[in-house]
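First up is the structure itself, then whatever we jot down about it.
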Amino acid sequence: MIAIEHLARSFKAASPGWGRSLKRGPALVVHAVRDVNFAAPDGRITGLLGPNGAGKTTTLRMLAGLIAPDAGRVTVDGIDVAARPLDALAHMGVLSDSRGLYTRLTARENIVYYGALQGMARDAAHQRAEDLARMFDMFALLERRTDGFSQGERMKTALARALVHDPANIVLDEPTNGLDVVATRALRESLRFLRSPEGGGKCIVFSTHIMQEVERLCDSVVVVSQGRSVAAGTVAELLERTGQEDFEEAFVHLAFAHASTMDGSVPA
Amino acid sequence: MRFSSVAIAVYRKEIIDALRDRRTMLIVLVTGVLMGPLVLIALSSFIASLESRAEQREVYVAGLAYGPSLRNYFERQTWAVKEAPADFEAQLRSSKFAEPVVVLPEDFETAILHGDTPVVEVVFDSANKQSATAAPRVMQLLGGFSRERVGLSLALRGVALALLEPLQVEERDLASTQTRAIKITGLLPFFVIMAVLYGALNAALDTTAGERERGSLEPLVMNPANSLALVVGKWGAVASVSMVVALLNCFSFLPAQWLLRSDTLQAMFQFGPREALMFLLVLLPFAAALSAVLMGVAIRCKTFKEAQASTTFLILGVSLVPLMTVFDQSGGAAWHLWVPALAQNTLMIQVLKGEDFTPLQLAIPLLVCVVLTVGGLWFISHHLRRAAVK
């Protein structure tokens, strides 16, 4: 179970540099996340849907304890991430935006290495690597060095690596980026299995900007726009709330109508 | 999770990674195994060529026909006398000819018989090192001829030769064989330091900036592992590679001695297992500190290339600092031991001179290396998470 309450974070952007005078201009403040709230229960897939730059990745990085929030609170299975980041990370498997692999190691070595970092015994990590290879249909890849892997093969390995310790909570940042149709469908199946009672009834949070992903996979959706969570509910609830039949129209209405009230512009 | 088990897991992975990295292994092989012997063999070839030329005892004269008495003297001293080539000046300038040339004037013999002082030139080119090195030997030979002429003239007049030499001057060189050898072998510590530096460089950059560039640092720090434990594991692997280079380098001098072509260098270069171990004692803390500092510089860089550019100043510093001993003729100052690289160079030269360290001489560089290592590790662990998301 993941709960996020009133999360906010801003960054200082680089100032324009030396201008005509020798004085540097004041540093610009970018409000990446202003007020994000949601709760992701166990056994459900929660989609974080928002346009580029909405603050999804920053929110997930705060959830993973990589960035400290300016305000708000994140808890994972009741553990406060800010107070006990390592304990919280032990309850999570995170597939972040950066999913670089060690190219001189095999897929199995990549997975087992993360198992060791999670405190697993060597034999248990090897066994788990094989179980995950079966789940993600990547048994043939296991003993190959990851150098030269396709985008889909890399994603599968990175996902297996993130799930090696069988975490109760799974956080995925735009996992279908760069994947072809077959790989995307395979990933979708895997996530459905992990959500099911047979798969462990995991709490899955994933961010995306692709409507179809959300429609086909998510049990509930949180719409994020300009650093705020502007709506939450099932796809059907959001359609009903906006009075739309098409989910893309509903999303534009929710995300950009809110944006227009913030900056005074009118959505197309 | 325990600190040590994380550090060991990271160490194991980084060592496997380094062993499979051809670039790292090539550097280890070239700098660790081959560089020491190659430098030693190059030095020995240079000295052997000087020695063989000295043994040849040949003197080149331009206008040999003008000085039969001089020729007679040279031959009595068992020197082979040869006529210099006609264009010897041009050949000396272009380094095609490597011997100094004695130039005799046409009236040499007449002047000698009349008791005049003919001008004899010894022509060499100071830019042509071989001719310049041989010139003093020829000057000495001509000096012998002069002394003989003076001795004969005085003897004919019944004057004792001892009057010419009111002082009997004898040289007594206090330097041991090994100390004299330092003029030749003093360059070796510099090459050893460079080997340790280049041994650490690639691995240090790959585990920090390389990991950022590949996008694998962010997932790494999302494991429930203490940052310092991750850094200690990485540093341990980098320092190990560097220490292996130091170990191979030091012990490669032992078999390399068998290949020495110069008997003089073989006699002067006394490098046994004891010297190799003393070198290691100096180098291991240095390898540890250098690894931490290189990683500290590289962790702030987003790409391997950027890290290479950023570490240039550090590499330049480590390369130039030991050269201070070449320009500093005052002998080792006490503060040298406080400067990394310079301290190690000073101590290794001391080993080559056959001198032992005092405990303080070892303790000062060790303290500096410990401070640099601890400071470096703290800095990297402090920046690790921040670097992962930038």
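Protein sequence lines correspond, in order, to chains A and B.
The first sequence begins at 463 in the working numbering and counts up one residue at a time.
The second sequence begins at 2 in the working numbering and counts up one residue at a time.
Quick reminder that beta carbons are idealized off the backbone N, C-alpha and C, glycines included.
Integer-rounded CB distance, given that residue j should sit under 8 angstroms from residue i
| i | j | result |
| --- | --- | --- |
| residue 741 of chain A | residue 652 of chain A | A query on residue 741 of chain A cannot be resolved here, the shown segment of chain A reaching from 463 to 730 and no further. |
| residue 667 of chain A | residue 550 of chain A | At roughly 13 angstroms, the Cβ-Cβ gap does not stay under 8 angstroms, so residue 667 of chain A and residue 550 of chain A are not in contact. |
| residue 737 of chain A | residue 679 of chain A | Outside the displayed span of chain A (463 to 730) sits residue 737 of chain A, for which this structure offers no information. |
| residue 63 of chain B | residue 85 of chain B | 4 angstroms |
| residue 216 of chain B | residue 561 of chain A | 7 angstroms |
| residue 522 of chain A | residue 644 of chain A | With 8 angstroms as the limit, residue 522 of chain A and residue 644 of chain A do not qualify as a contact, their Cβ atoms being about 26 angstroms apart. |
| residue 53 of chain B | residue 100 of chain B | The pair is not a contact, with the Cβ atoms about 13 angstroms apart (cut-off 8 angstroms). |
| residue 591 of chain A | residue 626 of chain A | 7 angstroms |
| residue 83 of chain B | residue 56 of chain B | About 16 angstroms separates the two Cβ atoms, so there is no contact after all. |
| residue 517 of chain A | residue 495 of chain A | 4 angstroms |
| residue 390 of chain B | residue 230 of chain B | Wrong, their Cβ atoms sit about 19 angstroms apart, outside the cutoff. |
| residue 248 of chain B | residue 281 of chain B | 6 angstroms |
Buried versus exposed call for residue i [16 or more other C-beta atoms within 10 Å across all chains shown]
| i | result |
| --- | --- |
| residue 471 of chain A | buried |
| residue 519 of chain A | buried |
| residue 73 of chain B | exposed |
| residue 128 of chain B | exposed |
| residue 172 of chain B | exposed |
| residue 126 of chain B | buried |
| residue 108 of chain B | exposed |
| residue 308 of chain B | buried |
| residue 631 of chain A | buried |
| residue 682 of chain A | buried |
| residue 147 of chain B | exposed |
| residue 306 of chain B | exposed |
| residue 514 of chain A | exposed |
| residue 702 of chain A | exposed |
| residue 500 of chain A | buried |
| residue 135 of chain B | buried |
| residue 474 of chain A | exposed |
| residue 151 of chain B | exposed |
| residue 464 of chain A | buried |
| residue 547 of chain A | buried |
| residue 707 of chain A | exposed |
| residue 287 of chain B | buried |
| residue 236 of chain B | buried |
| residue 243 of chain B | buried |
| residue 95 of chain B | exposed |
| residue 120 of chain B | exposed |
| residue 145 of chain B | exposed |
| residue 141 of chain B | exposed |
| residue 386 of chain B | buried |
| residue 337 of chain B | buried |
| residue 730 of chain A | In this predicted model, residue 730 of chain A has a pLDDT of only 36, less than 50, meaning its place in the structure is not dependable; the value taken from the coordinates is given anyway. The residue in question, residue 730 of chain A, is exposed, as its Cβ has fewer than 16 Cβ neighbours within 10 Å. |
| residue 111 of chain B | exposed |
Residue(s) in a DSSP beta bridge with residue i
| i | result |
| --- | --- |
| residue 694 of chain A | A:684 |
| residue 665 of chain A | A:631 |
| residue 45 of chain B | DSSP output for residue 45 of chain B lists no bridge partner at all. |
| residue 32 of chain B | Residue 32 of chain B pairs with nothing; no bridge assigned. |
| residue 554 of chain A | A:631 |
| residue 118 of chain B | Partner(s): none; residue 118 of chain B has no beta bridge. |
| residue 61 of chain B | B:83, B:102 |
| residue 473 of chain A | A:492 |
| residue 501 of chain A | A:465 |
| residue 607 of chain A | A:568 |
| residue 535 of chain A | A:467 |
Does the pairing of the region 563-573 of chain A with the region 608-624 of chain A give three or more beta-carbon distances under 8 angstroms?
yes
In the region 579-600 of chain A, which residues sit with their C-beta less than 8 angstroms from some C-beta in chain B, listed in chain order?
579, 580, 581
Could you say if the region 199-216 of chain B and the region 19-37 of chain B meet the contact criterion of at least three C-beta pairs nearer than 8 angstroms?
yes
Is the region 368-379 of chain B touching the region 290-302 of chain B, taking contact as three or more C-beta pairs under 8 angstroms?
yes
Check whether the region 214-228 of chain B and the region 32-42 of chain B touch, using three or more Cβ-Cβ pairs below 8 angstroms as the test.
no
Contacting positions in the region 299-312 of chain B - beta carbon closer than 8 angstroms to chain A:
none
Given a limit of 7 angstroms on CB to CB distance, which residues of the region 554-576 of chain A reach chain B?
556, 558, 560, 561, 562, 563, 564, 566, 567, 575, 576
Cβ contact (3+ pairs, closer than 8 angstroms) linking the region 692-704 of chain A and the region 526-539 of chain A:
no
Does the pairing of the region 345-361 of chain B with the region 376-388 of chain B give three or more beta-carbon distances under 8 angstroms?
no
Could you please tell me which residues of the region 188-220 of chain B, in chain order, have their CB closer than 7 angstroms to any CB of chain A?
215, 216, 217, 219, 220
Short of 7 angstroms Cβ to Cβ, which residues in the region 501-532 of chain A face chain B?
523, 526, 528, 529
Cβ pair count under 8 angstroms reaching 3, the region 539-558 of chain A against the region 703-718 of chain A
no
Can you confirm whether the region 344-354 of chain B touches the region 187-196 of chain B when touching is taken to mean that 3 or more C-beta pairs between the two stretches lie within less than 8 angstroms?
yes
When you check each C-beta in the region 17-37 of chain B against every C-beta of chain A, which residues fall closer than 8 angstroms?
17, 18, 21, 22
At a cut of 8 angstroms, does the region 269-281 of chain B reach the region 250-259 of chain B through at least three beta carbon pairs?
yes
Pull out every residue of the region 267-291 of chain B whose Cβ sits closer than 7 angstroms to any Cβ of chain A, in chain order.
none
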